[in-house]
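Everything below concerns the one structure shown next.
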Amino acid sequence: MKLSPRLPALLLAALVVTACAPRTSDNAASDKDEKSGTLRVWLFQEVGNKPKEKVVDSVVAAFEKAHEGTRVDVEYIPVDTRAQRVKAAFNDPKSAPDVMEYGNTDTAGYVKDGGLLDVTEEFGDWGEAKDTDPTARQSVTVDGRLYGAPLYVGVRALYYRTDVFGELGLKVPETMTELAATAREIRAAKPDLYGLVVGGAYTYGAMPFVWANGGELATGKGGSYASTIDSAAARKGIKAYTSLFGDDNCPAAKCAGMGGNDTVTAFAAGKAAMAIGGDFSHTAVEAGKVKGKYAVVPLPGVTPGSIAPAFAGGNNIGVLKGTSHRSLAVELMEQLASKRTQSELFDAMGFLPTFGDVRQQVAAREPFVKPFVRTLGAGTRFVPASPAWSRIDSSLVLPTMFQEVISGRKDVAAASKDAAAKMNDAFGSAG
Amino acid sequence: MNLPRLRVRRPWRLAADASALLTAVAVAFPLYWMVLSAFKPAGEIESSEPRPWTLAPSLDSFRRVFGQQEFGRYFINSLVVACSVVIVSALIAFLAATAVTRFRFRFRTTLLIMFLVAQMVPVEALTIPLFFLMRDFGQLNTLGSLILPHIAFSLPFAIWMLRGFVKAVPEALEEAAYIDGASRARFLWQILFPLVFPGLVATSVFSFISAWNDFLFAKSFIISDTSQSTLPMALLVFYKPDDPDWGGVMAASTVMTIPVLIFFVLVQRRLVSGLGGAVKD
Amino acid sequence: MQSRKAPWLYLAPALVVLGGLLVYPVYQLGLISFFRYTQAQVSGGEPTTFEGFGNYAELLGDDRFWQVLLSTVVFAAACVASTLTVGCALAVLLTRVRALPRLVLMMAALGAWATPAVTGSTVWLLLFDPDFGPVNRVLGLGDHSWTYGRYSAFLLVLLEVVWCSFPFVMVTVYAGIRAVPGEVLEAAALDGASQWRIWRSVLAPMLRPILTVVTIQSVIWDFKVFTQIYVMTNGGGIAGQNLVLNVYAYQQAFASSQYSLGSAIGVVMLLILLAVTLGYLRLLRRQGEEL
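Protein chains in written order, with my numbering: chain A, 1 to 431; chain B, 432 to 712; chain C, 713 to 1003.
What follows is the structure, given as structure tokens:
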């Protein structure tokens, strides 16, 4: 018998392609809808988690009381390992929770990964849903379908030290140019302080600079996005942000590696005169050395009196596709994200509610949220609603771009061009 | 001690002694700093005037570590994992090392090279395939999912190191045993095993460390059942990038290092003779 | 003990364990590297598609990859060289000192060895911390940041790697020297040979099998260094300047969910290590060493 020399190769290829494709999970939606049993819930473990646990415990107690034979098992996932946990949960439905909290930038990615349940109908039937503000609603929407209930929104604004400003006789900056000038002035007068503490890995602190200058991360709709981070306007914003790194404000050697939390920590420890922090950072700053010596205003835009568009961050609560308690899980989701819970969570953790009316109420109660509500009112931006965003975010495309510019390895044009190419690559493969 | 008795002149010997002590101090310094920082009271670590001592040692950091939920349980889980890996892989490696040194057979050299190659596999890259394997075995969320892969990863090195040790046992001993009517099993377990034991201890140091320190598998395979979590996972809580609790980190690190250190001190003697024997052909 | 089946019987447990938990996953790894395999495929949201060498083409066409490969090779070589030098020098020193200093140095080294990689990395970071670390204070460097510059960050990691891996070399080589008959060294010393010469022409050749083992082990370990880079440079340093292959693969696979690219990097690493080690073994065999 004579074998063609190519036959073994072909056989091998066939073997590889057909018989032994790599392992995958079957993540089909469960058609079971049991009315009792144990519901597993994963929530994020926050810094200082106790008050959150208290609020959640009371919601859970009420829920268990209302549904006999139902137990709710809440677990708080350390932020550090959550990505792996969630991925693992998608891969092994047996280990997956029924209800979970997730960051709103992950919505599109999780939907694509086949993890989240489409709750469009239930959401429509939910009485409270009509008051959800449009930005928050957008953050649970993918291709017109809803995949969860918004839990809170997070926006960032400018924290500044009232004592330092008073001592140096400075007034609060009204434009981005003034912001930079003020920062340098403070640093010159007080060399042990950062003027405005910034971080090379602080994407959501940097983006307002890009947006305020008219730049965008990407344009497009639905699945097909194209990066515009290398547009002239965006470059102007990148330049504005990266020029803040230097010995005259925030030395690159220290600040290039910082992320958002590092900058807030530095501000709270009294090492910076200004910082870009979120409403959610309020508790941490209050606990720091600068308590009573700071105030918050919206981050100024390019023209006097304008507000730089902020990133509308926040978390949502969703139901996993594989749940075998569909009705119960959806109901629990609604309870956990209800107006009442959100109001209580605000009191406990300072999380800004996603319902317009509730937000007004809490703003009246707690004046510190005013600048954040104003920032929200001035219009916020969101990351591209593409599954590619998770990848762009976690592969550090933007931090790398900022750090390349800060460290002088590339100029703004080259760095932004590379970043745009990487983003387009991600959009392309996700499309 | 059969140390080479060299006639080293006195000043040289003093210099050598001094440099050995100095090196020891330098090598031990990071460990000293770790323990010191664990005992420093809050605020003193984050001081811009770091002092190599503390006047007010405090147990607060340790309290934070031990105050974690189910800390004792994680500790025991870690011990179970590390000990199972050590014992099982030592036994399997002993048998395999005997096979490749006491027998001549086809593929022997190939196998040896394969054991070497197996050590080169980047463990981190295997997490995904192993995840599916563990899922199919129903081992996810159990300590088994941590024990099994670690046995596999520590075996090649253990076999490789044990080889020389088995070889060092004279063939004549084996023949004598058979002449005395000993069965193969008897020779293996009652004669060879005790002789190879120091080598087993030396190699088990490596498997103990890798199993004890692992947090990659723990992070990936223990998904929903926290009661099966291990020590490194509990300590990870302190490695928060946003708010580095140096005191907690250092206390946790101290707690994690001490068992390994005890293990090392216990086996120190055997370790030295074992590593020497393993490579003495 | 010359039966045909016996060796395989003894090998069976090892082969079963390795086959199931190492060979099979490695086979899967190789397989994944030929497919398009991201999180969507893993969780069954999309079908897997065969890509042939597409992932490898993408990898080899990526400048980043070559840059990371180069730094990995240079960094690993530096680590191996430093570890071996320090380890051998201290092993020789151990044979020259009295019992007490020997015990003290041995204990310190075992302590460094026993320290978990995560812990060691963190402690070294704290030692070199620009604000709270004692090193800058002693050296009078002010708040110089060691992790900002590419080379100083690599240097810092190198120090930590040497610190935690020289004990293995030291203890092993020391044990080997002790096994060298005393008369041989005595004779050399009587001939008036210098320390360096004794090492070079008497000890090193006798210790060659040991040195081979520690060299191969160091190459394998240092080429795959992961935890130290990951912890100390926070996942690869400023703009990824301190990435090495293993961390790069991990980032690709887990941060970006590009499992197939990550797998392809893993396979490439495996092949490089294989080539290096087999080349080394062949060299030894040519010089008359037996495996």
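Heads up, the beta-carbon is just placed ideally off N, CA and C, and yes, glycines get one too.
Anything in chain A within Cβ reach of residue i, meaning under 9 Å, just list it in chain order.
| i | result |
| --- | --- |
| Asn572 (chain B) | Asp92, Lys94, Ser95 |
| Thr657 (chain B) | Glu75 |
Which two residues bound the contiguous alpha helix (DSSP H) that contains residue i?
| i | result |
| --- | --- |
| Pro399 (chain A) | 397-406 |
| Leu837 (chain C) | 829-839 |
| Leu771 (chain C) | 766-772 |
| Tyr76 (chain A) | From DSSP, Tyr76 (chain A) is part of no alpha helix (DSSP H) but of the beta strand (DSSP E) over 70-78. |
| Leu990 (chain C) | 971-998 |
| Glu763 (chain C) | Per DSSP, Glu763 (chain C) belongs to no alpha helix (DSSP H) and is neither H nor E. |
| Ala226 (chain A) | Note, Ala226 (chain A): premise wrong, no alpha helix (DSSP H); beta strand (DSSP E) at 224-227. |
Is residue i near residue j, with beta carbons less than 8 Å apart?
| i | j | result |
| --- | --- | --- |
| Ile590 (chain B) | Val516 (chain B) | no |
| Thr784 (chain C) | Ser930 (chain C) | no |
| Ala820 (chain C) | Val698 (chain B) | no |
| Leu702 (chain B) | Val883 (chain C) | yes |
| Ala183 (chain A) | Leu196 (chain A) | yes |
| Phe511 (chain A) | Glu178 (chain A) | No answer is possible for residue 511 (chain A): it lies beyond the span of chain A, which begins at 1 and ends at 431. |
| Val373 (chain A) | Arg391 (chain A) | no |
| Asp73 (chain A) | Arg40 (chain A) | yes |
| Met565 (chain B) | Leu571 (chain B) | yes |
| Val627 (chain B) | Leu593 (chain B) | yes |
| Val691 (chain B) | Ala826 (chain C) | yes |
| Leu986 (chain C) | Met551 (chain B) | yes |
| Phe652 (chain B) | Ser576 (chain B) | yes |
| Gln451 (chain B) | Arg814 (chain C) | First, the amino acid is wrong: residue 451 (chain B) is Ala here, not Gln. Yes. |
| Ala900 (chain C) | Val881 (chain C) | no |
| Ala426 (chain A) | Ala364 (chain A) | no |
List, in order along the chain, the chain A residues whose C-beta lies closer than 7 Å to that of residue i?
| i | result |
| --- | --- |
| Ser857 (chain C) | Ala253, Lys254 |
Starting from the beta carbon of residue i, find every residue of chain C whose beta carbon is closer than 9 Å, and list them in chain order.
| i | result |
| --- | --- |
| Gly199 (chain A) | None at all; the shortest Cβ gap to chain C is about 11 Å. |
| Leu526 (chain B) | Leu721, Tyr722, Leu723, Ala724, Pro725, Ala726 |
| Leu604 (chain B) | The contacting residues do not exist; Leu604 (chain B) stays about 12 Å from chain C at best. |
| Ala473 (chain B) | The contacting residues do not exist; Ala473 (chain B) stays about 13 Å from chain C at best. |
| Ser704 (chain B) | Ala887, Arg890 |
Note the first and the last residue of the continuous beta strand (DSSP E) segment covering residue i.
| i | result |
| --- | --- |
| Asn316 (chain A) | 313-319 |
| Gln953 (chain C) | Where Gln953 (chain C) is concerned, there is no enclosing beta strand (DSSP E), given that its DSSP letter is neither H nor E. |
| Trp42 (chain A) | 37-45 |
| Ile276 (chain A) | 272-278 |
| Val296 (chain A) | 294-297 |
| Ala149 (chain A) | 149-154 |
| Tyr860 (chain C) | Unbroken run through Tyr860 (chain C): none, as it is neither H nor E. |
What does residue i reach in chain A if we use C-beta pairs closer than 8 Å?
| i | result |
| --- | --- |
| Gln929 (chain C) | Those do not exist, as Gln929 (chain C) stays about 30 Å from chain A at its closest Cβ, beyond 8 Å. |
| Asn946 (chain C) | Gly257 |
For a contact meaning CB atoms closer than 8 Å, what does residue i contact in chain B?
| i | result |
| --- | --- |
| Trp875 (chain C) | Val458, Pro461 |
| Thr275 (chain A) | It should be pointed out that residue 275 (chain A) corresponds to Ala in this sequence rather than to Thr. By Cβ distance, chain B contributes nothing, its closest Cβ being about 13 Å from Ala275 (chain A), past 8 Å. |
How would you list, in chain order, the residues of chain C whose beta-carbon sits under 7 Å from the beta-carbon of residue i?
| i | result |
| --- | --- |
| Lys87 (chain A) | Gln751 |
| Val680 (chain B) | Thr834 |
| Thr400 (chain A) | Ala951, Gly952 |
Residues of chain B with CB under 7 Å from residue i, in chain order?
| i | result |
| --- | --- |
| Thr827 (chain C) | Leu462, Thr688 |
If we count Cβ pairs, one from each stretch, closer than 8 Å, do we get three or more for the segment 112-127 of chain A versus the segment 272-286 of chain A?
-> no
May I ask you to list, following chain order, the residues of the segment 963-991 of chain C that have a beta carbon less than 8 Å from some beta carbon of chain A?
-> Those residues of the segment 963-991 of chain C that come within reach of chain A (Cβ to Cβ, closer than 8 Å) are Gln963, Gln964, Phe966, Ala967, Ser968, Ser969, Gln970.
How do the segment 757-766 of chain C and the segment 602-620 of chain B stand: do at least 3 beta-carbon pairs fall below 8 Å, yes or no?
-> no
If contact means a Cβ-Cβ distance below 7 Å, which residues of the segment 635-656 of chain B contact chain A?
-> Lys650, Ser651, Ile654, Ser655
contact_flag[the segment 644-655 of chain B, the segment 484-498 of chain B] where n(CB pairs < 8 Å) is 3 or more | no
Could you run through the segment 539-562 of chain B and flag, in chain order, every residue whose CB is less than 8 Å away from some CB of chain A?
-> Pro560, Phe562
Near-chain C residues of the segment 403-416 of chain A (beta-carbon distance less than 7 Å), N- to C-terminal order | Gln403, Glu404, Ser407, Arg409
Got a sec: which bits of the segment 384-398 of chain A sit with their beta carbon under 7 Å from any beta carbon on chain C, in order along the chain?
-> Of all residues in the segment 384-398 of chain A, Arg391, Ser394, Ser395 have a Cβ within less than 7 Å of some Cβ in chain C.
Would you list, in chain order, the members of the segment 96-118 of chain A that have their beta-carbon closer than 8 Å to a beta-carbon of chain C?
-> Against chain C - using a Cβ distance shorter than 8 Å - the residues of the segment 96-118 of chain A are Gly109, Lys112, Asp113, Gly114, Gly115.
Would you call the segment 530-543 of chain B and the segment 912-929 of chain C touching, i.e. three or more CB-CB distances under 8 Å?
-> no
Three or more C-beta pairs below 8 Å linking the segment 601-611 of chain B and the segment 542-553 of chain B = no
Is the segment 964-978 of chain C close to the segment 863-878 of chain C, with three or more CB pairs under 8 Å?
-> no
Segment contact flag, the segment 725-737 of chain C with the segment 522-531 of chain B, C-beta cutoff 8 Å, min 3 pairs = yes
Chain C contacts made by the segment 360-380 of chain A, where a contact means CB separation under 9 Å | Under the 9 Å Cβ criterion, the segment 360-380 of chain A contributes no residue.
Check whether the segment 300-318 of chain A touches the segment 154-163 of chain A, taking contact to mean three or more Cβ pairs, one atom from each stretch, closer than 8 Å.
-> yes
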